[in-house]
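Read the structure below first, then the notes.
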Amino acid sequence: MRIELRYTEESRSPSRQSVPLGAGVQLLVRGDEADQLHLTGYERYATVLAGGEASISFVADSAGQFVLERDQQGDDLLVLDVLSPSAP
């Protein structure tokens, strides 16, 4: 499952996405400013250069709520819900 995100200097509200447990996930992030990205819980990192993009790929093998954050700005870009089969 591919999730594309873009942030700008004015971006403040995180988007929210859900994926099923066990799914292969690719986060593709484009940004106007350079920053370090961190997917909490999965401890995946990527660097976005100004005007560039970065990708984080992983298998969603842990159910729960995870946040993709911009480390330098302190902003949350994405709230990712990994849903087990019994979750609504």
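Residue 87 in numbering that gives the first Met the number 0 sits at position 88 of the sequence shown; the count goes up by one each step and never skips. C-beta: ideal position from N, C-alpha, C; glycine also.
Query	Result
For LEU76 and LEU4, believed in contact at Cβ under 8 Å, the rounded distance	6 Å
Buried or exposed (CB count within 10 angstroms, at least 16 for buried), LEU67	buried
Beta-bridge partners of GLU52, as assigned by DSSP	ARG29
CA-to-CA distance, GLU32 to GLU8, given in whole angstroms	7 Å
Per-residue burial, ARG15 [other beta carbons within 10 Å of its own, 16 or more giving buried]	exposed
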